[in-house]
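In the working numbering, the protein residues as written are 10 to 141.
Beta carbons: idealized from backbone N, C-alpha and C, even for Gly.
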């Protein structure tokens, strides 16, 4: 046996390992946790969302309930497996969660900013208050 630091069990081997200098071009769409790249992104139509929270209970790393509006929002495309996200989509009672092309995300986000959404639970401005 040689006294090479590259033997098993010698922690100094980590400091002598070759560094891979090949740079991989990143697009920003690679999932951090999942492995293979998804073909689609998940999007919540917040104008349709009723704030039931089912999706955020099923795919806890992908969906959150937005604090001010009480509506679901996809915060990570790589948070859960495709199967888990699909299960969350299937639990939605108003079908407001959709698979979309990654290229459409910025357009959809811009459309969302243009909409005036009220927090869930507040009366509609078109409703008149009842008189007692």
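Could you say which of the options lies nearest to residue i if we only look at CA atoms?
i           : options     : result
residue 70  : 103, 59, 82 : 82
residue 128 : 87, 101, 74 : 74
residue 60  : 77, 49, 110 : 77
residue 126 : 51, 80, 65  : 80
Taking the beta strand (DSSP E) that residue i belongs to, which residues open and close that run?
i           : result
residue 62  : From DSSP, residue 62 is part of no beta strand (DSSP E); its letter is neither H nor E.
residue 106 : 106–109
residue 83  : 81–83
residue 50  : 50–53
residue 74  : 72–74
Rounded to whole angstroms, how far is the Cβ of residue i from the Cβ of residue j, which I believe are closer than 8 angstroms?
i           : j           : result
residue 100 : residue 63  : 4 angstroms
residue 67  : residue 106 : So it is not a contact: roughly 10 angstroms between Cβ atoms.
Can you find the residues in the same chain that come closer than 7 angstroms, C-beta to C-beta, to residue i, ignoring five residues on each side of it along the sequence?
i           : result
residue 121 : 55
residue 85  : 70, 71
Excluding five sequence neighbours on each side, which residues of the same chain lie with their C-beta closer than 8 angstroms to the C-beta of residue i?
i           : result
residue 123 : none
residue 93  : 67, 68, 71
residue 114 : 50, 52
What does a CB cutoff of less than 6 angstroms around residue i pick up in its chain, not counting 5 residues either side in sequence?
i           : result
residue 42  : Low per-residue confidence applies at residue 42: pLDDT is 45, beneath 50, and the placement is therefore not dependable, though the value from the model is reported in the following sentence. Within the same chain, residue 42 has close Cβ partners 87.
residue 117 : 52
Hey, would you say residue i sits closer than 7 angstroms to residue j, going by beta carbons?
i           : j          : result
residue 109 : residue 57 : no
Identify the continuous alpha helix (DSSP H) that holds residue i and give its terminal residues.
i           : result
residue 101 : Taken as a continuous stretch (DSSP letters only), residue 101 belongs to no alpha helix (DSSP H), as it is neither H nor E.
residue 56  : Residue 56 -> no alpha helix (DSSP H), and no H or E assigned at all.
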